[in-house]
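In the numbering used here, the protein residues as written are 1 to 295.
1. Among 235, 225, 184, whose alpha-carbon lies nearest the alpha-carbon of residue 213?
2. By the 10 Å Cβ neighbour count, where 16 or more other Cβ atoms means buried, how is residue 166 classified, buried or exposed?
3. Leaving out five residues before and five after residue 194 in sequence, what residues of the same chain have Cβ atoms less than 8 Å from its Cβ?
4. According to DSSP, is residue 244 part of a helix, a strand, or is it coil?
5. Give every residue of the same chain whose Cβ lies closer than 6 Å to the Cβ of residue 129, excluding the five residues on either side of it in the sequence, and list them in chain order.
6. Looking at the unbroken beta strand (DSSP E) that takes in residue 74, where does it start and where does it end?
7. Are residue 51 and residue 11 close, meaning C-beta to C-beta below 8 Å?
8. Among the candidates 100, 278, 261, 228, whose CA atom is the shortest distance from the CA of residue 239?
9. What span of residues does the alpha helix (DSSP H) with residue 87 cover, start to end?
10. Considering only their Cβ atoms, is the gap separating residue 99 from residue 73 smaller than 8 Å?
11. Between residue 114 and residue 43, what straight-line distance do the alpha-carbon atoms span, to the nearest angstrom?
12. Please list the terminal residues of the continuous alpha helix (DSSP H) segment that includes residue 297.
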């Protein structure tokens, strides 16, 4: 099993020193990857969940590419329709090249209706626009030139480059917990990346994935001193013994990578960066990451 961790690139608790400390700690204890969240504009609906300041995802990944050595860097997840597809393809290929082939590109359709309004993107078309973005990414990452229709409707040839280091292209993880995300993963992605899925969704969703598609769920890492008895206990929340059981379950249903999330989701419960870094190191210790990496 490989492990990733969600780096909270937002909120008054975080600053550039904290972001770098997160990345350095995750790399040193043996995490495979760190994922950053994405909002191009932070409207009130998103601000309630992920308050300002919000460090822009692609810019921060570019900066971390030069600050880290081996850990993979990714988005969890980019809102597919909030950037021009050609710009997104160019930026991500550049980051993959600058990082030496360490980029993971997670993409989802988004939910912040107010942000769609600010950006002038039709909310009801976000699924189709995300599909078009994914198709552009795959085309631009795979060839030095690709063709796209301009605003006039005239086909235009676009010269790419740099191409990504990874072939045929960087991992393309599709975020979302519904049937559309699973379908999009099978058609256009390399993996399915659901957020805090239930056991039932993990079982059903992993069975619905086509052969060769990765199952890469994001679960909590919120250890407790005593076991949680609730039948609705989220994966990753509970005693260390319960969390180990959760990981065993995810292994059984075919997860290749599990992304851990120390953010409780309620900003009133958010801890300091120092406390979060203790959890990062603790996760590496109790899940045996460095030992696994050296086997």
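For every residue, glycine included, the Cβ atom is placed at its ideal position computed from N, Cα and C. Given the structure is predicted, the values throughout are model-derived calculations rather than measurements.
So, to answer that:
1. Its Cα nearest to that of residue 213, the residue 184 stands out among 235, 225, 184.
2. Buried, since its Cβ has 16 or more Cβ neighbours within 10 Å.
3. Only 175, 176, 177, 181, 201, 202, 205, 217, 218 meet the Cβ criterion.
4. For residue 244, the three-state secondary structure derived from DSSP is helix.
5. Within the same chain, residue 129 has close Cβ partners 81.
6. Segment 72–75, the beta strand (DSSP E) holding residue 74.
7. In terms of Cβ geometry, residue 51 and residue 11 form a close pair [threshold 8 Å].
8. Of the candidates 100, 278, 261, 228, the one whose C-alpha sits nearest the C-alpha of residue 239 is 228.
9. 85–98 is the extent of the alpha helix (DSSP H) around residue 87.
10. Closer than 8 Å, so yes.
11. So the alpha carbons of these two residues sit roughly 6 Å apart.
12. The structure shown does not extend to residue 297, since the chain spans only 1 to 295, so no value can be given for it.
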